[in-house]
Amino acid sequence: MDLDAFRWLLTDDGQRLLAEAVAAGDDSLATLTRLRRTAAPEHVAVALTQATLRVRARDKFGDDADRMYFTPDGLEQATRHRVAEHRAARLVAASAETLIDLGCGIGGDLLAASRAGLTCAGVDLDPVRVAVAEANLAALGLPGAVQVADATTVSTAPFDVAFADPARRTARGRTFDVDNWTPPWPFVEGLLARDSCVKVAPGIPHDLIPHDVEGEWVSDRGEVKEAALWSGRLATTRRRATVIGDGGLATLTDEDDPGAPVVPVGEFLYEPDGAVIRAGLVTAVAAGVGGGLVDEHIAYVTAGSAFRTPFARGYRVLEEVPYREKQLRAALRERGIGRLTIKKRGVDVVPEQLRARLSLSGDAEATLVLTRVAGAGVALLVAPF
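To convert, count from 1 in the sequence shown and add 642; that's the working numbering.
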């Protein structure tokens, strides 16, 4: 997005054009032609882009999205507002008062921290992102300062907490090599020597995290896409799984994990949340429901009783059916099952392909779990509860 065109969008004329683009609700040729009668092509393009991105952003930012500004990659990389609000709440609970956001992007975390009452400043190398972050603070009526700067050269000493969200993309796409992050891993390690929080990919290896740093994996409505490293006085445990749902927030740590044995499949099966799995706390869930693991290497928990837990989805085990495909097809047809949800862990199965090969046509609906127990393939018909 062109910086001059974006700045024009913030003028009175630009705001009128943006309102027209939002009202149009599409970027069809007819809309494009109509808007170009009163505005330059580059201005129409940026207005239509913002209107489209606002619709896409509602999943991450809720109602705030209708007043905010975005770039396509900035929206993709931005933290969901409920996750950012959780982080900001942790900072407030730790009595932090000031925050420097190193690589603030469009300002997702900056907005949450400012709204929580922290005095915030953000820097980013990209002038467009800085302009967007500044516009977002103004649009939501929040205080904060943003400027173009290299995060690796900024002194964090005046601030209680330093926050960073290293870019994990290169010209070739997403990278899983921490040395290819921007800023790279050595910079992150240096930042973690002080009170800081660093947003990282959920697949970060546990052995890469310094021993005195807390790793927190967060899911929002069952979807885990990121983790955060907390250092200094902000670190309160070694590993943490935080689950955010419609009913609120729940958290589980390694201090809640006494371990759990491998046990035979019982009457109930539990599928741990992705944040729990990433944090390595599956056995904590097993202990919490008074059960164990179905297999030492597989993230399914089983128990003899039904429990409601925010950390796992529960199923009643109805029966075991044949695991081999031909016999499985016959068993499912015998039960009149035509609509089948397939869940799998620890087995080499592509659910969509298997469902097509089974060619089911009955009226009943069922959930099938394919996994391994004691090294052998097992198929279970289950029902959510």
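Note that CB positions come from ideal geometry on N, CA and C, so glycine has one too.
May I ask you to check if the CB of Ser-756 is nearer than 7 Å to at least one heavy atom of the ligand FAD? Inclusion of the ligand FAD in the displayed structure is not the case, the ligand content being empty and no account of it being possible.
Nearest residue (CA-CA) to Glu-736, options Ala-941, Thr-824 and Asp-837: For the purposes of this step, residue 736 is taken as residue 94 along the sequence shown, with counting starting at 1. In the sequence as displayed, the identity of residue 736 is Ala instead of Glu. Ala-736 has its Cα closest to that of Asp-837, out of Ala-941, Thr-824 and Asp-837.
Asp-888 versus Leu-935 - alpha carbon distance: Taking the first residue of the sequence shown as 1, we reach residue 888 at position 246. Taking the first residue of the sequence shown as 1, we reach residue 935 at position 293. Rounded to the nearest angstrom, the two C-alpha atoms are 28 Å apart.
In the DSSP assignment, what residue or residues form a beta bridge with Tyr-912? As a first step, residue 912 must be located in the sequence shown, where it is residue number 270. According to DSSP, which records beta bridges pairwise, Tyr-912 is partnered with Val-943 and Gly-956.
Helix, strand or coil at Arg-981 [DSSP, three-state]: Taking the sequence shown and counting its residues from 1, the one referred to as residue 981 is at position 339. In the three-state reduction of the DSSP assignment, Arg-981 falls in the strand class.
Can Arg-881 and Asp-896 be called in contact, C-beta distance under 8 Å? Working through the sequence shown from its first residue, we reach residue 881 at position 239. Working through the sequence shown from its first residue, we reach residue 896 at position 254. Yes. Within cutoff.
Short check: CB of Ser-861 to CB of Ala-780, under 8 Å? Sequence index remark: in the sequence shown, residue 861 carries index 219 (1-based). Sequence index remark: in the sequence shown, residue 780 carries index 138 (1-based). With a cutoff of 8 Å on beta-carbon distance, Ser-861 and Ala-780 are scored as not near each other.
Own chain partners of Gly-908 with C-beta closer than 8 Å, once the 5 adjacent residues on each side are dropped: On the sequence shown, residue 908 is found 266 positions in, with the first residue counted as 1. Excluding sequence neighbours, Gly-908 sits near Gly-933, Thr-944, Ala-945, Gly-946 and Val-959.
Measure the alpha-carbon distance for Asp-669 versus Asp-705 and round it to whole angstroms. Numbered from 1 along the sequence shown, position 27 holds the residue referred to as residue 669. Numbered from 1 along the sequence shown, position 63 holds the residue referred to as residue 705. So the two alpha carbons sit approximately 21 Å from each other.
Note down, in chain order, each residue of its chain lying with its Cβ closer than 8 Å to the Cβ of Ser-957, except the 5 sequence neighbours on either side. Taking the first residue of the sequence shown as position 1, residue 957 is located at position 315. It should be noted that the sequence gives Tyr, not Ser, for residue 957. Closer than 8 Å at Cβ, skipping near neighbours: Phe-910, Leu-911, Tyr-912, Glu-913, Thr-1009, Val-1011, Val-1024, Ala-1025, Pro-1026 and Phe-1027.
Drop a sphere of 10 angstroms on the beta-carbon of Leu-645, count the other beta-carbons inside from all chains shown, and report buried for 16 or more, exposed for fewer. For this step, residue 645 is matched to residue 3 along the sequence shown. For Leu-645, the number of other beta carbons within 10 angstroms of its own is below 16, and it is reported as exposed.
Go ahead and pull the three-state DSSP assignment for Asp-654. Along the sequence shown, one-based indexing puts residue 654 at 12. In the structure shown, Asp-654 adopts helical secondary structure according to DSSP, grouped into three states.
Name the residue from Pro-844, Met-643, Leu-1000 and Cys-762 whose alpha carbon lies nearest to the alpha carbon of Thr-884. On the sequence shown, position 242 is the one that residue 884 refers to. The shortest CA-to-CA distance from Thr-884 to any of Pro-844, Met-643, Leu-1000 and Cys-762 is the one to Pro-844.
If you run the structure through DSSP and keep just helix, strand and coil, what is Leu-767? For the purposes of this step, residue 767 is taken as residue 125 along the sequence shown, with counting starting at 1. Secondary structure at Leu-767: coil, using DSSP grouped into helix, strand and coil.
Sorted by chain position, which residues of the same chain lie with C-beta nearer than 6 Å to Val-772's C-beta, five sequence neighbours on each side aside? Start at 1 with the first residue of the sequence shown, and residue 772 comes out as number 130. Only Asp-766, Val-788 and Val-790 meet the Cβ criterion.
When the Cα atoms are used, what is the spatial distance from Val-842 to Asp-854? Looking up residue 842 in the sequence shown gives position 200. Looking up residue 854 in the sequence shown gives position 212. When the Cα atoms are used, Val-842 and Asp-854 turn out to be separated by approximately 17 Å.
How close, in whole Å, do the beta carbons of Gly-764 and Gly-749 come, if the pair is a contact with beta carbons under 8 Å? To locate residue 764, count along the sequence shown from 1; it is residue 122. To locate residue 749, count along the sequence shown from 1; it is residue 107. Right, the Cβ-Cβ distance comes to about 6 Å (below 8 Å), so this counts as a contact.
My output table needs one value for Ala-1008: the three-state DSSP class, helix, strand or coil. The sequence position of residue 1008 within the sequence shown is 366, counting from 1. Strand, per DSSP.
Let's test the definition: count the other Cβ atoms within 10 Å of the Cβ of Thr-680 and tell me whether it reaches 16, buried, or not, exposed. The residue labelled residue 680 in the question sits at position 38 within the sequence shown. Exposed, since its Cβ has fewer than 16 Cβ neighbours within 10 Å.
Glu-856 - containing beta strand (DSSP E), residue span: Counted from its first residue, the sequence shown places residue 856 at position 214. First-last of the beta strand (DSSP E) with Glu-856: 856-862.
Within its chain, find whatever has a CB closer than 6 Å to the CB of Ile-742; leave out the 5 residues flanking it on each side and keep chain order. Along the sequence shown, read from residue 1 onward, the residue named residue 742 stands at position 100. Apart from sequence neighbours up to five positions away, the residues of its chain that approach Ile-742 with a beta-carbon distance below 6 Å are Ala-763, Thr-798, Phe-801 and Ala-804, ordered along the chain.
Assumed close pair Ala-647, Val-697 - CB separation to whole angstroms, cut-off 8 Å: As a first step, residue 647 must be located in the sequence shown, where it is residue number 5. As a first step, residue 697 must be located in the sequence shown, where it is residue number 55. Contact between Ala-647 and Val-697 does not hold, since the beta-carbon distance rounds to 20 Å and is not under 8 Å.
Hey, quick one: how far does the alpha helix (DSSP H) through Trp-827 stretch, first residue to last? Walking along the sequence shown from the start, residue 827 turns up at place 185. Start and end: 827-833.
Beta-carbon proximity of Pro-825 to Ala-793, cut-off 8 Å: The residue you call residue 825 lines up with position 183 of the sequence shown. The residue you call residue 793 lines up with position 151 of the sequence shown. In contact: Pro-825 and Ala-793 (Cβ atoms closer than 8 Å).
Measure how close the beta-carbons of Thr-1079 and Ile-940 come, nearest whole angstrom, since I'm counting them as under 8 Å. Residue 1079 lies beyond the range of the chain shown here (643 to 1027); nothing can be said about it.
Where are the alpha helix (DSSP H) runs, 4 residues long or more, that stay fully inside the stretch 658-711, in chain order? As far as the stretch 658-711 is concerned, its whole alpha helix (DSSP H) runs of at least 4 residues are 671-678 and 683-703.
Excluding the 5 residues flanking Leu-659 on each side, which residues of the same chain have their C-beta closer than 8 Å to its C-beta? In the sequence shown, residue 659 corresponds to position 17, counting from 1. If we look at Leu-659 and ignore the five residues flanking it on each side, its Cβ neighbours are Leu-651, Leu-677, Thr-680, Ala-681, His-685, Val-686 and Ala-689.
Given a threshold of 16 other Cβ atoms within 10 Å of its Cβ, counted over all protein chains shown, does Ala-835 qualify as buried or as exposed? For the purposes of this step, residue 835 is taken as the residue at position 193 of the sequence shown. Under this definition Ala-835 is an exposed residue.
Quick one: is Asp-937 buried, meaning 16 or more other Cβ sit within 10 Å of its Cβ, or exposed? Working through the sequence shown from its first residue, we reach residue 937 at position 295. So Asp-937 counts as buried.
Taking the alpha helix (DSSP H) that Ala-735 belongs to, which residues open and close that run? Counting from 1 along the sequence shown, the entry for residue 735 is found at position 93. Where Ala-735 is concerned, the enclosing alpha helix (DSSP H) starts and stops at 723-735.
Apart from the five residues on each side of it in sequence, which residues of its chain come closer than 7 Å, Cβ to Cβ, to Leu-1002? For the purposes of this step, residue 1002 is taken as the residue at position 360 of the sequence shown. Result list for Leu-1002: Leu-974, Arg-975, Ile-979, Gly-980 and Leu-982, in chain order.
Could you name the residues that DSSP lists as bridge partners for Thr-713? Counting from one through the sequence shown, the residue named residue 713 turns up at place 71. DSSP, once it has assigned bridges, lists no residue as partnering Thr-713.
Does Ala-870 pass the burial test, meaning 16 or more other C-beta atoms within 10 Å, or should it be called exposed? The residue given as residue 870 occupies position 228 in the sequence shown. The residue in question, Ala-870, is buried, as its Cβ has 16 or more Cβ neighbours within 10 Å.
Counting C-beta neighbours from all protein chains within 10 Å, is the total for Asp-701 16 or more, i.e. buried, or is it exposed? As a working note, residue 701 is residue 59 in the sequence shown. Asp-701 comes out exposed.
Identify, in the order they occur along the chain, each residue of the same chain with its Cβ nearer than 7 Å to the Cβ of Glu-727, setting aside the five sequence neighbours on each side. On the sequence shown, residue 727 is found 85 positions in, with the first residue counted as 1. Correct list, in chain order: Ala-754.
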